[in-house]
Every structure is written in structure tokens, then in C-alpha cells.
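A.B. asks:
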Amino acid sequence: MKIEQIIAGFDGNETLGGFTGIGYAEADARTRAAVHAMRQDLAEARREAEARKTIVEIPAHAISGTNGGDIYRVHPDGRVERIFETFPEVESRFSSIPCGGGEEKLAPLEQARPVYLRCAYNGLWSPSGTNWQPVRCLELTPEEAGRAGLTPSTHGGLLVLCRERYDSILGDVACICGIRQDSHAEDIDLGIWHLCAEQTARFHGAALQTRWIAAGERETVVRAALESLARRRMRLSERGRQAAEALAESLNAGRHAPKFFLELRLSRPLQFDPAAPAGLRRSEFDRLVEARSTQRVCSAAKLEASELAILWQRALPLLGEDAKAALDLAIFPHDHPMVASVGRAMHRAVEGDGGRAGLIGAACADNLRQYLASRPELPEDVRAWVARPGDDADVSLPASLIPPHLAAKLCDGGQFEARDGFFQDRRGRKLTADRLMKLVRLIARSFGKYFLSFQNTHPLLGILRYPDGLDEKARRDIFVAGGRAVAAMTFLARARGLVSIIKSGPVELARDDLRALAAEFTPPPPGAPSPWPLLTFQLGRPLGPDDRVCAGQPDEHDGLAERMLDRRAPRARLADHYLPSV
151 MKIEQIIAGF DGNETLGGFT GIGYAEADAR TRAAVHAMRQ DLAEARREAE
201 ARKTIVEIPA HAISGTNGGD IYRVHPDGRV ERIFETFPEV ESRFSSIPCG
251 GGEEKLAPLE QARPVYLRCA YNGLWSPSGT NWQPVRCLEL TPEEAGRAGL
301 TPSTHGGLLV LCRERYDSIL GDVACICGIR QDSHAEDIDL GIWHLCAEQT
351 ARFHGAALQT RWIAAGERET VVRAALESLA RRRMRLSERG RQAAEALAES
401 LNAGRHAPKF FLELRLSRPL QFDPAAPAGL RRSEFDRLVE ARSTQRVCSA
451 AKLEASELAI LWQRALPLLG EDAKAALDLA IFPHDHPMVA SVGRAMHRAV
501 EGDGGRAGLI GAACADNLRQ YLASRPELPE DVRAWVARPG DDADVSLPAS
551 LIPPHLAAKL CDGGQFEARD GFFQDRRGRK LTADRLMKLV RLIARSFGKY
601 FLSFQNTHPL LGILRYPDGL DEKARRDIFV AGGRAVAAMT FLARARGLVS
651 IIKSGPVELA RDDLRALAAE FTPPPPGAPS PWPLLTFQLG RPLGPDDRVC
701 AGQPDEHDGL AERMLDRRAP RARLADHYLP SV
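Numbered according to my numbering, the sequence shown terminates at residue 732, and the numbering increases by one at each position without gaps.
1. Under a three-way DSSP split, which group does Lys-580 fall into?
2. Could you tell me the alpha carbon to alpha carbon distance between Met-639 and Leu-610, rounded to whole angstroms?
3. Is the CB-CB distance between His-727 and Gln-392 below 9 Å?
4. Can you tell which of Ala-407, Val-265, Tyr-271 has the C-alpha that lies nearest to the C-alpha of Tyr-316?
5. Report, in whole angstroms, the separation of the C-beta atoms of Ile-652 and Leu-685, which I expect to be a contact under 8 Å.
6. With burial defined as no fewer than 16 other Cβ atoms inside 10 Å of the residue's Cβ, what is the status of Met-488: buried or exposed?
7. Rounded to whole angstroms, what's the CA-CA distance from Gly-173 to Thr-672? Just pull it up for me.
8. Just curious, the alpha helix (DSSP H) that His-186 is in, first and last residue?
9. Check whether the segment 178-194 touches the segment 710-722, taking contact to mean three or more Cβ pairs, one atom from each stretch, closer than 8 Å.
10. Is it right to say Ala-666 is buried, meaning 16 or more other beta carbons lie within 10 angstroms of its own, or is it exposed?
11. By the 10 Å Cβ neighbour count, where 16 or more other Cβ atoms means buried, how is Trp-362 classified, buried or exposed?
12. In the DSSP assignment, find the beta strand (DSSP E) that holds Cys-312 and state where it starts and stops.
13. For Ser-246, is the classification buried or exposed, using 16 other Cβ atoms within 10 angstroms of its Cβ as the cut-off for buried?
14. Identify the continuous alpha helix (DSSP H) that holds Val-489 and give its terminal residues.
15. Select from Gly-167, Cys-327, Phe-641, Leu-509 the residue whose C-alpha is nearest the C-alpha of Tyr-521.
16. Whose C-alpha, out of Ala-459, Gly-429, Arg-415, is nearest the C-alpha of Gln-421?
17. Any contact of the segment 686-697 with the segment 447-462, i.e. 3+ C-beta pairs under 8 Å?
18. Where does Cys-287 fall in DSSP's three states?
19. With distances taken from CA atoms, which of Tyr-616, Leu-560, Leu-397, Arg-196 is nearest Pro-101?
20. Identify whether Pro-226 lies in helix, strand or coil by the three-state DSSP scheme.
21. Mind checking whether Glu-200 and Gly-228 have CB atoms under 9 Å apart?
22. If I'm right that Ala-465 touches Trp-535 with Cβ under 8 Å, what's the distance once you round it to whole angstroms?
23. Please specify which runs of the beta strand (DSSP E), each continuous and at least 3 residues long, are wholly inside the segment 346-395, giving them in chain order.
24. Rounded to the nearest angstrom, how far is the Cβ of Pro-548 from that of Pro-529, given a contact under 8 Å?
25. For Phe-234, write down the residues that DSSP places opposite it in a beta bridge.
26. In angstroms with no decimal places, state the Cα-to-Cα distance between Glu-805 and Leu-376.
27. For Asp-575, name the three-state secondary structure that DSSP assigns.
28. With a 10 Å radius around its C-beta and 16 neighbouring C-beta atoms as the bar for buried, classify Asp-570 as buried or exposed.
29. Would you call Cys-700 buried or exposed, if buried means 16 or more other Cβ atoms sit within 10 Å of its Cβ?
This is the structure in C-alpha cells:
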């Protein structure tokens, strides 16, 4: 079987395969159908449980878009428990030591490829600080690695590249509103990906050997990567060529940069299963990744703060000594005043207050003009509009001027569609500057409304913090380490049957306020500056189908309805992220 066919095999991976390579509208339709079917299944299970006076179990993973490990247990009295499968092997063996035992030997590229593919695939479905998966993988032969200066590499390996700056719907809104982003979320995601890849390899009896690429080496590595992409381009399929061209364009534009080079050391033969993606038998860690999904709201059941503290202590050995000394996790239960204060601070950052305009106030024509003025090419009518600050006139905006995630949001659900170079609504009206900013304010307001409920979404809140006074390189390194820490905590939480969510957006919006709040409730040593927040980590038990969300409020709903509001996002095909040597 050709390598590209092997890669395409991941696209049919059970439920995850159904969320691969599709748009948001189709993903929403899949979730909607699964939720509708689940309501019918629950009604039938309740009738059966009552009639037979016994517990009836039904699979519940489809509504969360996972490949298993999620069950509804229906009792004769109609109660429904949600039960997460636990992964005790992952919890007990999660570390930096390979699981295989025996002497490790460097594996040739062909032999290591199934593990590299699984590393990249698990990375696609790993937790994310940004939900946009910025990592790309490029196989390099020994000769190609030599041209890149990655010597000695006698077996070839995997070059891992990452976006230099992250983009997201929040980022697009902030950019149009004139708010500078400085969250280093792209570095968080790189750390998450790297930790996930390490654990993927070790549960296959292997170890990844990582060679980080210094800033002074990047030009040589980029040049070699571009040569490799050009050389193999015509041997790739049409989809592979498109992915190669997209990566080459991003490298030339400086959007992607090489971060590290991976080689695989095997301590035992790989175990195969012809029915599994890439023919590699799933490890327990692979199964955990496929059974995990982020949930923005969990059960209201209490959880001891020690649960989060345990996860943090388990994560620390996976960090370098400098990161272990620099990072700390402040933990708060949901009834601590800090948690409600965090939600209010984020709400103020969106809505504004007496002294600040907030994100909504910044969504104005003048800031849009500044954003458009930074674009290299503008149509004459848009250029004229930009040059007239304070003018109440409106102008139609070409689709090419709308940031990509915001554009996808506008087209979500069919409100707009791209036609003749513009976004047009169902009545054929083109998107104008005035209408765009009204929609941006609506999107921003939806962020603020959610933040007011921040206190009630999870019983435990952790704020990961780093010290003041770091230079740019040290900050980026500490954010990569922070990503590794929260990845470990996320996977260990799922292994224990818990749910979690990480957020970098709150820090992006309200960094100064969160710093002051954390310092108020967990003051630093006398004379020491307050640490800065890196991200938030929340932990709880899985939300059941009958659990109430927003209880007592106009938008109160049950756990099944929440799955539609917090539905799983689709992922790109692995072929768009992984470029093989052919």
C-alpha cells in the first residue's frame, strides 16, 4: 500500500473519522443527529430499565465525537449516570521512561513511520490552547536531514514545524479591534503536541530523541525543507501536492518555522493490527486520546482540590529543571471568591467598564480602518473609506480582507456565503464595514456572557503562572513547558475518568486583572514581583444528560442540549498536516 493511502486510512477512524476533513456545518449536523438519536435511545433504555428492574447501559461517545470510553447507565427509577472508562495503565506508566524495556536502537524512517504517523494523528486530536492545531510534520531522509544540517542523522526522521503566531476567532476579533495579541498560545500548543508525541511513542515501546533547532539554524533548515518539498511535489497525489504547496508558501512567508527534529529509538518490535490506522495496534494511550474531548461545562459534583494538585505533581517530572522552578499552579475551588472574580474580570475585558472600552467598545470603525490600512493591497473604494476617519459612509468589503476564522464564523450555518469575491447574505447583500463591526460586537458579547458563568462550569480552577522579568526567548521556552504541563494534566485527568479544559483566551483578554487577582489571593513572597498568568486549567466530573446547566436562568438547559452548544469541532485530514517522503 502506498504511503499516502496509509495516511488516508486515518480519515476513516470510527467516530473521529466522521469529524475529519469536513466543515463546521457538517460537523454540527453530525452532532445534532447524534443528540437526537441519543434522546430516543435514552427514552427506550428508561422503558427497558423500568420494565426489567435492572440497569441498562448504552454507549454515549457519539454525541461527544469520540471513539468510545463513554457510557450512560440508566437505572430503573429513570436516573442516568454518565460513566467514563478509566485508563489505569496510562495513569500508572505515564512518564518520560519508555514502556518497552530492553536496549533502544535508532529506527530507520520506514520502520519508525507508523509511530510518527500516530504521533501526528494524536497531536491533531490532543487538547489545544487555541483549537487550531498549528503543527506540521515533514519526513526527512538521512540525506535530506544532512542537507538541513541535522547531523548526524543516519536513519532520517521527522521535522516538526509550528506557526510563529496563532490565529483563532478571538484573535481575529482582537486584531480588527486593534488589540495586540501576546499570549504565546502557539508555544503552548507546541508543548502540548510534543508531550503528546512523547507519550504516544513510549506506549509503543519507543522513545523520541528530540533535537531542538536554534534560531541561527533555521534559515538552513527552511531552505532544505523547501528543497525537499519541491523535489517530492510531483510524486505526491493532488491532495499531497496541495499540502506541500501550502507548507512551502507558509515557510516562505515566515508563518511556519522549524522547531525540532525527531528520531525514534525502539526498545522492542512494534505490534501491528491490520484493522488499525497505519496497521499499528492501538496502545492504551492511543485509546485514551481517541476517547478524550474537551468539555466547557461539567457536572456540579464536588471535587477535592487535591485532585488537581495530584495532576500538577505528576506533570512536574516531565518538565525541565528551569521550568519546574519557574512555573506554579494556583488552585481554587469553585466557591472561592477568586473564581467568580476571574469571570467578572474577563467579562469586563469584553464589555468594558467606566475606565475601559473593552473588546466591544473597541469594535468600531476607526479600529477597522487601522486594521485595513495595514493590509498590503486595498480596492480603491476601500482605500478611500479608510482615508476618511469619522465618515458615516459605508463600504462593501471583499472576502479577502476578512480574517479566516472570522470568515468561517460568518459562513457558519449559512448566514453568509462567498460569492463573486464578497461575502453575501441570503438576500444577496454584500458584507459591509458597518455590518461587519455589528457582527463582531455580537460575537464579542457572546464571549462576555459565557464568562459570567465561569464560576459554575467546573468545581476546580487552576491558574498556571510564570515569573516576571523573562526575556522573549525565556518566555517562549516557558510557554512551551507550560503546554507540556497542561497536556500531561489533561491526559492524566482523562485516565482518572475526569474532564478538563484549558483556556488561553481569558489570559489574552484580562492578563493584568488576573495577575492582580491571583496575587491578592495567593500573594508572592515579600519583595517579589507577582507572577503572570499563562493559562487557566479547569477540572471536574463528566456532565450527565439530565444535569442542569445555567439553572434558574432564561437559557437553562440539560446536559444533552449542552452537547449541541459545546459540540466537537472538526479536524483537518492528517494528509494536510503530514508530508511523507515519497
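Idealized CB from N, CA, C, for every residue including glycine.
C.D. replies: Reading it off the structure:
1. Within the sequence shown, residue 580 is the residue found at index 430, counting from 1. Lys-580: strand per DSSP, three-state reduction.
2. The sequence position of residue 639 within the sequence shown is 489, counting from 1. The sequence position of residue 610 within the sequence shown is 460, counting from 1. Using only the alpha carbons, I get a separation of about 13 Å.
3. Residue numbering aside, residue 727 sits at position 577 when the sequence shown is read from its first letter. Residue numbering aside, residue 392 sits at position 242 when the sequence shown is read from its first letter. Result no, Cβ atoms of His-727 and Gln-392 do not sit closer than 9 Å.
4. For the purposes of this step, residue 316 is taken as the residue at position 166 of the sequence shown. That would be Ala-407, whose Cα lies nearest to the Cα of Tyr-316.
5. For the purposes of this step, residue 652 is taken as residue 502 along the sequence shown, with counting starting at 1. For the purposes of this step, residue 685 is taken as residue 535 along the sequence shown, with counting starting at 1. Correct: roughly 6 Å between the Cβ atoms.
6. Against the sequence shown, residue 488 aligns to sequence position 338. Result: buried.
7. Indexing the sequence shown from 1 puts residue 173 at position 23. Indexing the sequence shown from 1 puts residue 672 at position 522. Straight-line Cα distance between these residues: approximately 43 Å.
8. Numbered from 1 along the sequence shown, position 36 holds the residue referred to as residue 186. Run containing His-186: 174-202, per the alpha helix (DSSP H) assignment.
9. yes
10. As a first step, residue 666 is located in the sequence shown; it is residue number 516 there, counting from the start. So Ala-666 counts as exposed.
11. If you number the sequence shown from 1, residue 362 lands on position 212. Result: exposed.
12. For the purposes of this step, residue 312 is taken as residue 162 along the sequence shown, with counting starting at 1. 307-313 is the extent of the beta strand (DSSP E) around Cys-312.
13. The sequence position of residue 246 within the sequence shown is 96, counting from 1. Under this definition Ser-246 is an exposed residue.
14. Position 339 of the sequence shown, counted from the start, is the residue given in the question as residue 489. 487-501 is the span of the alpha helix (DSSP H), which, as asked, contains Val-489.
15. Reading the sequence shown from its first residue, position 371 is the one you call residue 521. For the residues Gly-167, Cys-327, Phe-641, Leu-509, the minimum Cα distance to Tyr-521 belongs to Cys-327.
16. Your numbering for residue 421 matches position 271 in the sequence shown. Considering only alpha carbons, the answer is Gly-429.
17. yes
18. For the purposes of this step, residue 287 is identified with residue 137 of the sequence shown, where counting begins at 1. Correct three-state label for Cys-287: strand.
19. Beyond the ends of the chain as shown, which are 151 and 732, falls residue 101; an answer cannot be given.
20. One-based indexing of the sequence shown puts residue 226 at position 76. Pro-226: coil per DSSP, three-state reduction.
21. If you number the sequence shown from 1, residue 200 lands on position 50. If you number the sequence shown from 1, residue 228 lands on position 78. Contact flag set, yes.
22. As a working note, residue 465 is residue 315 in the sequence shown. As a working note, residue 535 is residue 385 in the sequence shown. With 8 Å as the limit, Ala-465 and Trp-535 do not qualify as a contact, their Cβ atoms being about 51 Å apart.
23. 356-362
24. Position 398 of the sequence shown, counting from 1, holds the residue named residue 548. Position 379 of the sequence shown, counting from 1, holds the residue named residue 529. About 6 Å; that satisfies the 8 Å criterion.
25. Residue 234 sits at position 84 when you count from the first residue of the sequence shown. DSSP output for Phe-234 lists Asp-220 as bridge partner(s).
26. The question about residue 805 has no answer, for the chain in this structure spans 151 to 732.
27. Position 425 of the sequence shown holds residue 575. Asp-575 falls in the strand class under three-state DSSP.
28. As a first step, residue 570 is located in the sequence shown; it is residue number 420 there, counting from the start. When all chains shown are included, Asp-570 counts as exposed.
29. Here residue 700 refers to the residue found at position 550 when the sequence shown is read from its first residue. Exposed, since its Cβ has fewer than 16 Cβ neighbours within 10 Å.
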